[in-house]
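What follows is a set of notes on a single structure, which appears directly below.
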Amino acid sequence: METLLADIIKSVSDARGADFFAELTLQLDKAIASDLTFIARIDKHQAQATTVAFIDGGKLVDNVSYSLTHTPCEQVAANAMCIYPEDVCQQFPQDDFLTRIKAVGYLGMPLTLSDGRVAAIVVAIYLKPITEQEKTLSLFKIFSGRICAEFECLDREAQLLELNKSLVELNDALDDKIRLRSAELDSALSKLQQAYAHRLEMNKLSALGDLIAGIAHEVNGPLGVAITAESHLAEVFSDFTNKVNGKGLTIKAMKHFIEQQSATLPMIANNLERAKQILENFKKTATEQVN
Numbered sequence: 010m011e012t013l014l015a016d017i018i019k020s021v022s023d024a025r026g027a028d029f030f031a032e033l034t035l036q037l038d039k040a041i042a043s044d045l046t047f048i049a050r051i052d053k054h055q056a057q058a059t060t061v062a063f064i065d066g067g068k069l070v071d072n073v074s075y076s077l078t079h080t081p082c083e084q085v086a087a088n089a090m091c092i093y094p095e096d097v098c099q100q101f102p103q104d105d106f107l108t109r110i111k112a113v114g115y116l117g118m119p120l121t122l123s124d125g126r127v128a129a130i131v132v133a134i135y136l137k138p139i140t141e142q143e144k145t146l147s148l149f150k151i152f153s154g155r156i157c158a159e160f161e162c163l164d165r166e167a168q169l170l171e172l173n174k175s176l177v178e179l180n181d182a183l184d185d186k187i188r189l190r191s192a193e194l195d196s197a198l199s200k201l202q203q204a205y206a207h208r209l210e211m212n213k214l215s216a217l218g219d220l221i222a223g224i225a226h227e228v229n230g231p232l233g234v235a236i237t238a239e240s241h242l243a244e245v246f247s248d249f250t251n252k253v254n255g256k257g258l259t260i261k262a263m264k265h266f267i268e269q270q271s272a273t274l275p276m277i278a279n280n281l282e283r284a285k286q287i288l289e290n291f292k293k294t295a296t297e298q299v300n
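So in the working numbering, spot 97 of the sequence shown is number 106, and the numbers just go up one at a time.
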């Protein structure tokens, strides 16, 4: 027995997951000389079992799922050791699989995890009466802990993968939210920049308007003087013309005309020059405001 255990342990020492289940089931099948040996996970909600390793005729075959209803595996899944050294088909006449293969002996043991749940079963089926029941039972018990440990390890890995998947999905969702928020902020910033530029332009136009109003007020002074002087000069010229045409021109009238011309023309020129300077200053200031 010790040599047998050592050989089985050595064969599965480096195996993990599906390879572990397949190798262990194959070694157990050889050791207990059963016709079919399998390890199956239990789904109590669906009343179904699915093999993780299935040996038939000494060879590893494809895994199968089957209903637990009306089978000895149903009792094992309920956490009961189930041993039928012979006549198992008579005990479970509605188990089509056992009937079809003409099973004689059946030995099944529940595999209980650390939290007390029956997560799987290990089963040996014989086409002849079981002659080494104790040996089969002993080997199942010896390796049940190792089988359960492997299931728990796989479950933890599956949970970690699921958690990692959830974290990746959460991270992707956060990335999407960040991208969306960034786009919203970029849009808001663009609108603010446009509003600022518009406001700046409006301020420039407002300042320009104020400047124009001020310039208009400044220009009105000299232009008003120039216009008034020109009107006065026109009246003087008209009077002078009438006297010439009427042959009533005197030396005194000529002197008066010359005096008015001498006084008014410089006044007009000075005020027009002043208006010109004001307009040039406005042009310079307006250019600075726009720039």
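Where is the CB? At the ideal position from N, CA and C, for every residue including glycine.
Backbone secondary structure at residue i - three-state DSSP
| i | result |
| --- | --- |
| Q68 | A small correction: the amino acid at residue 68 is Lys; Gln does not occupy that position in the sequence shown. Here K68 sits in strand by DSSP. |
| A26 | Correcting the residue identity first, residue 26 is Gly in this sequence and not Ala. It is helical. |
| S20 | helix |
| P119 | strand |
| T108 | helix |
| Q57 | strand |
| I139 | coil |
| F101 | coil |
| A89 | coil |
| A40 | helix |
Outcome for residue i when other beta-carbon atoms lying within 10 angstroms are tallied against a minimum of 16
| i | result |
| --- | --- |
| T140 | exposed |
| G117 | buried |
| P3 | No information on residue 3 is available, as it lies outside the stretch 10 to 300 that the chain covers here. |
| T296 | exposed |
| T259 | exposed |
| P138 | exposed |
| P102 | exposed |
| C162 | exposed |
| D104 | buried |
Residue interval of the alpha helix (DSSP H) (run including residue i)
| i | result |
| --- | --- |
| G230 | Q142 to N254 |
| V113 | Where V113 is concerned, there is no enclosing alpha helix (DSSP H), given that its DSSP letter is neither H nor E. |
Pick from the options that is closest to residue i, judged by C-alpha positions
| i | options | result |
| --- | --- | --- |
| A272 | A235, N290, S247 and L258 | A235 |
| I322 | F152, Q99 and R109 | No answer is possible for residue 322: it lies beyond the span of the chain, which begins at 10 and ends at 300. |
| Y135 | R155, G67 and F246 | G67 |
| Q1 | A31, A129 and L13 | Since the first and last residues shown for the chain are 10 and 300, residue 1 lies out of range. |
| L107 | Q142, K293 and L77 | L77 |
| F149 | S196, I92 and V177 | I92 |
| H265 | T250, N279 and G255 | T250 |
| L146 | N279, I287, L288 and S43 | S43 |
| A55 | R208, L172 and S74 | Sequence inspection shows Gln at residue 55; the Ala mentioned does not correspond to that position. With distances taken between Cα atoms, Q55 lies closest to S74. |
| D4 | A262, A112, R165 and C82 | Beyond the ends of the chain as shown, which are 10 and 300, falls residue 4; an answer cannot be given. |
First through last residue of the beta strand (DSSP E) which encompasses residue i
| i | result |
| --- | --- |
| I134 | V127 to Y135 |
| D52 | L45 to D52 |
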